[in-house]
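One point on numbering: in our numbering, the residue at position 273 of the sequence shown is 265, and numbering is uninterrupted. Okay, structure first, notes after.
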Amino acid sequence: MSVEIRVPQLPESVADATLVAWRRQPGETVSRDENLADLETDKVVLEVPAPVAGVLQSVRIAPGTSVKSGELLAVIEVGAAVAAATTAATAAAAATPAALATAATATPAAAPTAEAAPAATQAPKLGPAAQRVAEELGLPQATIAAAAKGGRVSKSDLVSAAGAAPATAPAAAKPAPAARGAVSAAGVPAAVRGARAERRVPMSRLRQRIAERLVQAQSTQALLTTFNEVDLTKVNELRNRHKDAFEKQHGVKLGFMSFFVKASIEGLRRFPLVNAAVEGNEIVYHEYFDIGVAVSTERGLMVPVLRDADALDFAGVERGIASYAQRAREGTIALEDLTGGTFSITNGGVFGSLLSTPIVNAPQSAILGMHKTQLRPMVMDGEVVARPMMYLALSYDHRIIDGKEAVQFLVTVKDCLEDPGRILLGV
């Protein structure tokens, strides 16, 4: 009996998806609920599970093709897997003692290969992004296995492994030496020119969507950025004093982001325009606080949204961020988790950024940029002391937010972080 595999129902806001890769090829055995293919939308990668066990009879769509809900992808032959297993079992049972004895007296050189075979069958797990990198770079299985950490291979692991792998090209493939002194018009020796290479790959759906939204924000909004700096001494002291008890009681680490989320909510309460949005000729005031927190993944930047963040305590904020970050990096985050939001926070400091001007996540009207914390000399009570300082940046839509409101919002965030008690007391 044949079973058709079709594109699952896509979310209402998603018109189509791109078939990124097939995880099984025609003729291969598949298990029930095993992932057969990856579908990439504008924001997430969806898996296509096998509804039954059997053998993949045929695939109808090539990788790189756009597909829509309900479109036929492949056909599975049910029962073929059982027949194949029965055939294999019969062949194994037919092996005579004489045949086994012959195998046992094989040459010693074959023994290491036989021992290494089971390990080779333990194929490392590759996510969608890592799989594409492996295919693009043409990495052998040995290189992929060497890059595995804990059984799973990331995109960065493969890139590092590819860079560390020894060159295997034959000597004949090397460019011929250039004549002495031969240079191009740009002054580059011919031998060096011959060694240069290019590689073209299509932009992922997510990268295309990110590019589209960023260009849209810059072309439709009057973007401006204001800066300030914050002394994180009190936040550091509070975290160091309570982080162990916090983690023991709530099961999650006490990070910096919960302080920034809470401080931002206090600023949004005082200056509602920063939490508003422009729709046509109207200003939409959001009387709720759905805070987007930017997360960097192998596929690109994602901004999952903490719904009603004002109703969450510090532990709830930290748990929500940790859960979203894990699911975003594993590719299991839902499209609904990435939609909406009234205000966003991005932290370039984790990558070492000292200062930047973040772009607003349209149709929102503002975004807060965090940066690297550095010990800097500051004058306190007439004395120069070292303080953990961070630059803050607020990019905003100047069509509805004036400079006065933007600056006062940022000062409110600064005040709440320099005296965290203000967050609890609302002062």
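Beta carbons: idealized from backbone N, C-alpha and C, even for Gly.
Using 10 angstroms around the beta-carbon of residue i, count the other beta-carbons present and answer buried if the total reaches 16, otherwise exposed.
i: A343; result: The residue you asked about is not Ala; residue 343 is Phe in the sequence shown. Classification for F343: exposed.
i: Q123; result: buried
i: Y277; result: exposed
i: Y316; result: buried
i: T33; result: buried
i: Q213; result: buried
i: Y388; result: buried
i: T334; result: buried
i: L367; result: exposed
i: P132; result: exposed
i: V207; result: exposed
i: E20; result: exposed
i: A358; result: buried
i: L346; result: exposed
i: G395; result: exposed
i: A237; result: exposed
i: N267; result: buried
i: T404; result: buried
i: D25; result: exposed
i: V417; result: At residue 417 the sequence reads Leu, which differs from the Val that was named. Exposed, because fewer than 16 other Cβ atoms sit within 10 Å of the Cβ of L417.
i: A126; result: buried
i: A7; result: exposed
i: V309; result: buried
Which two residues bound the contiguous beta strand (DSSP E) that contains residue i?
i: A13; result: A9 to W14
i: D305; result: Element bounds for D305: n/a, residue is neither H nor E.
i: S378; result: Checking the sequence shown, residue 378 turns out to be Ala, not Ser. E375 to D389 is the extent of the beta strand (DSSP E) around A378.
i: V207; result: Looking at the DSSP string, V207 is not in any beta strand (DSSP E); the run it does join, the alpha helix (DSSP H), is R197 to T212.
i: D(-2); result: It is Arg, not Asp, that sits at residue -2 in the sequence shown. R(-2) -> beta strand (DSSP E) spans S(-6) to R(-2).
i: E271; result: A269 to E271
i: V295; result: V295 -> no beta strand (DSSP E), and no H or E assigned at all.
i: L28; result: N27 to E32
i: I325; result: Here I325 belongs to no beta strand (DSSP E), and DSSP marks it neither H nor E.
i: L64; result: L64 to V70
i: G284; result: I283 to V285
i: P276; result: A small fix is needed here, since residue 276 is Val in this sequence, not Pro. Residues E274 to V276.
i: L265; result: First-last for L265: undefined, no H or E at that position.
i: L38; result: V37 to P41
What span of residues does the alpha helix (DSSP H) with residue i cover, start to end?
i: T217; result: Careful: T217 lies outside any alpha helix (DSSP H), inside the beta strand (DSSP E) at L215 to D223.
i: Q400; result: G395 to E410
i: I53; result: Careful: I53 lies outside any alpha helix (DSSP H) and carries neither H nor E.
i: V253; result: M249 to R262
i: G420; result: Only positions -7 to 419 of the chain appear in this structure, which leaves residue 420 out of reach.
Which whole-angstrom value describes the C-beta separation of residue i and residue j, a residue pair presumed to lie in contact below a C-beta threshold of 8 Å?
i: F251; j: P380; result: 13 Å between Cβ atoms; not a contact.
i: R16; j: L38; result: Not really, about 16 Å apart at Cβ, beyond 8 Å.
i: V253; j: L298; result: 7 Å
i: D302; j: I257; result: 5 Å
i: M382; j: E221; result: 7 Å
i: F306; j: L246; result: 7 Å
i: R321; j: T289; result: 5 Å
i: E397; j: L265; result: 6 Å
i: A22; j: A54; result: Per the sequence presented here, residue 22 reads as Val, with Ala not at that position. That pair is no contact at about 19 Å.
i: S50; j: V67; result: 5 Å
i: V59; j: V(-1); result: 5 Å
i: A209; j: I351; result: 5 Å
i: I313; j: M249; result: 6 Å
i: P3; j: L327; result: 5 Å
So which of the options has the shortest CA-CA distance to residue i?
i: F401; options: R262, D223 and N273; result: R262
i: S61; options: N27, A9, G292 and T225; result: A9
i: N353; options: L386, R321 and M382; result: L386
i: L28; options: S(-6), L2, V59 and L65; result: L65
i: R319; options: G333, V399 and R291; result: R291
i: G284; options: E274, N273 and P296; result: P296
i: L384; options: A255, L416 and R191; result: A255
i: S348; options: H363, Q356 and S357; result: H363
i: V36; options: R192, E204, R52 and S196; result: S196
i: G340; options: V22, A54, G361 and D223; result: G361
i: R311; options: Q241, L417, V399 and Q210; result: Q241
i: K406; options: E127, D30 and T225; result: T225
i: P355; options: P43, I275, V376 and I415; result: I275
i: P194; options: E328, T57 and N232; result: T57
i: D282; options: M249, E271 and D300; result: D300
i: G272; options: L31, R391 and W14; result: R391
i: T218; options: V399, N228, L416 and A209; result: V399
i: E279; options: V376, A269 and L330; result: A269
i: M370; options: D223, A203 and R205; result: D223
i: S(-6); options: W14, G332, G46 and P18; result: G46
i: W14; options: L2, P3, D30 and Q1; result: D30
Point to revise | In chain order, each beta strand (DSSP E) run of at least 3 residues that lies wholly inside the stretch 338 to 368 | key: 358 to 362
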